[in-house]
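These notes concern the structure reproduced below.
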Amino acid sequence: MSSTAAGFDAVFVGSGINSLAAAALLAKEGWRVCVLERNDWLGGAIRTVEG
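Each number in our numbering comes from the position in the sequence shown (counting from 1) with 877 added on.
This is how it looks when you write it as structure tokens:
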């Protein structure tokens, strides 16, 4: 296990809606979760941009 994942019960790669929902549910149950995202925004393909 890399030092990035140490100390977490679950690690999610990507912050799409499914990852965020699962992370929230696990965190609510007391799990230590980490969500990794390469972009500057959360939500994956779900986002709003000004046109």
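Where a beta carbon is used, it is the ideal one built from N, C-alpha and C, also for glycine. Note that the structure is predicted; figures quoted are calculated from it, not measured.
Of the listed residues the options, nearest to residue i (C-alpha basis)
i: Val912; options: Gly928, Ala900, Ile894; result: Ala900
i: Gly921; options: Gly891, Val910, Gly928; result: Gly891
i: Ile923; options: Leu902, Lys905, Ile894, Ala904; result: Ile894
i: Lys905; options: Trp918, Leu919, Ala887, Arg915; result: Ala887
i: Gly914; options: Leu897, Gly928, Leu902; result: Correcting the residue identity first, residue 914 is Glu in this sequence and not Gly. If we check each option's Cα against that of Glu914, Leu897 comes out closest.
i: Asp917; options: Val910, Arg909, Val926; result: Val926
For residue i, the first and last residue of its enclosing alpha helix (DSSP H)
i: Ala898; result: 894-905
Where the beta strand (DSSP E) through residue i begins and ends
i: Ala887; result: 887-890
Beta bridge counterpart(s) of residue i as assigned by DSSP
i: Gly884; result: The partner list for Gly884 (beta bridge, DSSP) is empty, contrary to what the question assumes.
i: Leu913; result: Val890
Own chain, CB closer than 6 Å to residue i, minus 5 neighbours either side, in chain order
i: Leu919; result: Ser892
Same chain only: Cβ atoms within 7 Å of residue i, ignoring 5 sequence neighbours per side
i: Gly907; result: none
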